[in-house]
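Residue numbers (my numbering): 141 to 270.
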(Lines of atoms letter the chains of each structure in order from A; the text may use other names.)
(Lines give C-alpha, C1' and ligand atoms only; values in the text may rest on other atoms or scores of the structure.)
Protein backbone atom coordinates (compact mmCIF):
# COMPACT_ATOMS: atom_id res chain seq x y z
CA UNK A 141 0.00 0.00 0.00
CA UNK A 142 1.50 3.30 -1.11
CA UNK A 143 1.81 5.84 1.69
CA UNK A 144 0.69 9.44 1.46
CA UNK A 145 1.77 12.44 3.54
CA UNK A 146 -0.03 15.74 2.94
CA UNK A 147 1.63 18.83 4.39
CA UNK A 148 -0.07 22.22 4.28
CA UNK A 149 -0.47 25.59 5.88
CA UNK A 150 -3.40 25.49 8.30
CA UNK A 151 -6.03 22.77 8.12
CA UNK A 152 -6.06 22.29 4.35
CA UNK A 153 -4.46 18.83 4.53
CA UNK A 154 -7.04 17.58 7.04
CA UNK A 155 -9.93 19.09 5.08
CA UNK A 156 -8.77 17.45 1.85
CA UNK A 157 -8.77 13.99 3.40
CA UNK A 158 -12.20 14.54 4.98
CA UNK A 159 -13.55 15.67 1.61
CA UNK A 160 -11.91 12.87 -0.37
CA UNK A 161 -13.53 10.27 1.87
CA UNK A 162 -16.91 11.46 0.53
CA UNK A 163 -15.83 10.53 -3.01
CA UNK A 164 -13.43 7.65 -2.59
CA UNK A 165 -13.91 6.26 0.89
CA UNK A 166 -11.32 6.04 3.62
CA UNK A 167 -7.64 5.49 2.91
CA UNK A 168 -5.79 4.20 5.93
CA UNK A 169 -2.20 4.88 4.93
CA UNK A 170 -2.24 8.67 4.98
CA UNK A 171 -0.98 11.26 7.45
CA UNK A 172 -1.83 14.95 7.33
CA UNK A 173 0.42 17.62 8.78
CA UNK A 174 -0.38 21.29 9.30
CA UNK A 175 1.88 24.28 9.75
CA UNK A 176 0.28 26.92 11.94
CA UNK A 177 1.40 30.45 12.67
CA UNK A 178 4.42 30.47 15.02
CA UNK A 179 5.09 26.73 14.55
CA UNK A 180 8.71 25.67 14.54
CA UNK A 181 9.99 24.59 11.11
CA UNK A 182 12.46 22.12 12.64
CA UNK A 183 9.60 20.38 14.43
CA UNK A 184 7.63 20.17 11.19
CA UNK A 185 10.65 18.72 9.41
CA UNK A 186 10.92 15.99 12.06
CA UNK A 187 7.18 15.31 11.78
CA UNK A 188 7.50 14.92 8.00
CA UNK A 189 10.33 12.41 8.37
CA UNK A 190 8.48 10.49 11.10
CA UNK A 191 5.27 10.44 9.05
CA UNK A 192 7.10 9.02 6.05
CA UNK A 193 8.45 6.20 8.22
CA UNK A 194 4.96 5.47 9.55
CA UNK A 195 3.27 5.23 6.13
CA UNK A 196 6.11 3.43 4.36
CA UNK A 197 4.81 -0.14 4.02
CA UNK A 198 7.31 -1.00 1.29
CA UNK A 199 5.32 0.19 -1.75
CA UNK A 200 6.54 3.78 -1.73
CA UNK A 201 5.48 7.10 -0.28
CA UNK A 202 4.30 10.30 -1.93
CA UNK A 203 4.19 13.75 -0.38
CA UNK A 204 1.65 16.38 -1.43
CA UNK A 205 2.06 20.01 -0.35
CA UNK A 206 -0.02 23.11 -0.83
CA UNK A 207 2.15 25.81 -2.41
CA UNK A 208 5.56 25.86 -4.06
CA UNK A 209 8.05 27.87 -2.03
CA UNK A 210 6.17 27.62 1.25
CA UNK A 211 7.71 26.03 4.32
CA UNK A 212 5.70 22.78 4.01
CA UNK A 213 6.83 22.41 0.40
CA UNK A 214 10.44 23.36 1.05
CA UNK A 215 10.84 20.96 3.97
CA UNK A 216 9.00 18.16 2.15
CA UNK A 217 11.14 18.63 -0.95
CA UNK A 218 14.34 18.42 1.08
CA UNK A 219 13.15 15.21 2.69
CA UNK A 220 11.87 13.75 -0.58
CA UNK A 221 15.16 14.39 -2.33
CA UNK A 222 17.13 12.84 0.51
CA UNK A 223 14.90 9.75 0.56
CA UNK A 224 14.31 9.56 -3.21
CA UNK A 225 10.54 10.10 -2.91
CA UNK A 226 8.11 12.13 -5.00
CA UNK A 227 6.87 15.48 -3.67
CA UNK A 228 4.11 17.32 -5.54
CA UNK A 229 2.97 20.86 -4.82
CA UNK A 230 -0.37 22.47 -5.58
CA UNK A 231 -2.39 19.75 -3.91
CA UNK A 232 -6.07 19.82 -4.79
CA UNK A 233 -9.09 17.57 -4.39
CA UNK A 234 -8.86 15.90 -7.83
CA UNK A 235 -5.19 15.04 -7.17
CA UNK A 236 -5.95 13.37 -3.85
CA UNK A 237 -8.99 11.53 -5.23
CA UNK A 238 -6.83 10.16 -8.05
CA UNK A 239 -4.20 9.05 -5.56
CA UNK A 240 -6.74 7.21 -3.40
CA UNK A 241 -8.44 5.60 -6.41
CA UNK A 242 -5.16 4.54 -8.10
CA UNK A 243 -2.72 3.83 -5.26
CA UNK A 244 -3.51 0.12 -5.15
CA UNK A 245 -3.66 -0.46 -8.93
CA UNK A 246 -0.13 -1.84 -9.15
CA UNK A 247 1.22 1.24 -10.93
CA UNK A 248 4.83 2.28 -10.70
CA UNK A 249 5.40 5.37 -8.56
CA UNK A 250 6.15 7.36 -11.70
CA UNK A 251 2.83 6.28 -13.26
CA UNK A 252 0.98 7.19 -10.07
CA UNK A 253 2.68 10.59 -9.97
CA UNK A 254 1.73 11.21 -13.60
CA UNK A 255 -1.91 10.28 -12.95
CA UNK A 256 -2.08 12.55 -9.91
CA UNK A 257 -0.50 15.41 -11.84
CA UNK A 258 -2.93 15.02 -14.74
CA UNK A 259 -5.90 14.89 -12.36
CA UNK A 260 -4.71 18.04 -10.61
CA UNK A 261 -4.22 19.98 -13.83
CA UNK A 262 -7.38 18.77 -15.56
CA UNK A 263 -9.39 19.57 -12.44
CA UNK A 264 -8.75 23.30 -12.89
CA UNK A 265 -11.24 24.91 -15.28
CA UNK A 266 -12.82 28.30 -15.86
CA UNK A 267 -16.38 27.06 -15.97
CA UNK A 268 -17.89 30.12 -17.61
CA UNK A 269 -15.56 29.54 -20.57
CA UNK A 270 -16.71 25.97 -21.04
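Glycine is no exception: its CB is placed at the ideal position from the N, C-alpha and C atoms.
Please read these numbers as outputs of a predicted model, since none were measured by experiment.
By Cβ distance, which residues of its chain are closer than 6 Å to residue i, with the 5 residues on each side in sequence left out?
{"i": "residue 142", "result": "199, 200 and 243"}
{"i": "residue 169", "result": "141, 143 and 195"}
{"i": "residue 197", "result": "141"}
{"i": "residue 253", "result": "226"}
{"i": "residue 178", "result": "none"}
{"i": "residue 167", "result": "240"}
Quick one: what's got a C-beta closer than 8 Å to residue i's C-beta in the same chain, skipping five residues either side?
{"i": "residue 213", "result": "147, 205, 206, 207, 227 and 229"}
{"i": "residue 173", "result": "145, 146, 147, 148, 153, 184, 187, 188, 191 and 212"}
{"i": "residue 249", "result": "142, 200, 202 and 226"}
{"i": "residue 247", "result": "255"}
{"i": "residue 215", "result": "147, 181, 184, 185 and 188"}
{"i": "residue 165", "result": "240"}
Which residues in the same chain have their Cβ closer than 7 Å to the Cβ of residue i, if we skip the five residues on either side of it in sequence?
{"i": "residue 159", "result": "233"}
{"i": "residue 217", "result": "227"}
{"i": "residue 223", "result": "192"}
{"i": "residue 268", "result": "none"}
{"i": "residue 171", "result": "145, 191, 194 and 195"}
{"i": "residue 261", "result": "none"}
Tell me, to the nearest whole angstrom, how far the beta carbon of residue i is from that of residue j; I am working on the premise that it is less than 8 Å.
{"i": "residue 181", "j": "residue 203", "result": "Not confirmed; about 16 Å, so no contact."}
{"i": "residue 259", "j": "residue 237", "result": "7 Å"}
{"i": "residue 156", "j": "residue 264", "result": "No, residue 156 and residue 264 are not in contact; Cβ-Cβ is about 15 Å, not under 8 Å."}
{"i": "residue 176", "j": "residue 150", "result": "7 Å"}
How would you call residue i, buried or exposed, if buried means at least 16 neighbouring beta carbons within 10 angstroms?
{"i": "residue 276", "result": "What the structure shows of the chain is the stretch from 141 to 270, and residue 276 is not part of that stretch, so it cannot be assessed."}
Kindly say whether residue i, judged by its beta-carbon, lies nearer than 9 Å to any beta-carbon of chain C.
{"i": "residue 233", "result": "Note that chain C does not occur in the displayed structure, where there is just one protein chain."}
Whose CA, out of the options, lies closest to the CA of residue i?
{"i": "residue 163", "options": "178, 235 and 252", "result": "235"}
- At 4 residues or longer, and completely inside the segment 189-249: list those alpha helix (DSSP H) runs for me, N to C. Runs of the alpha helix (DSSP H) inside the segment 189-249: 211-223 and 233-242.
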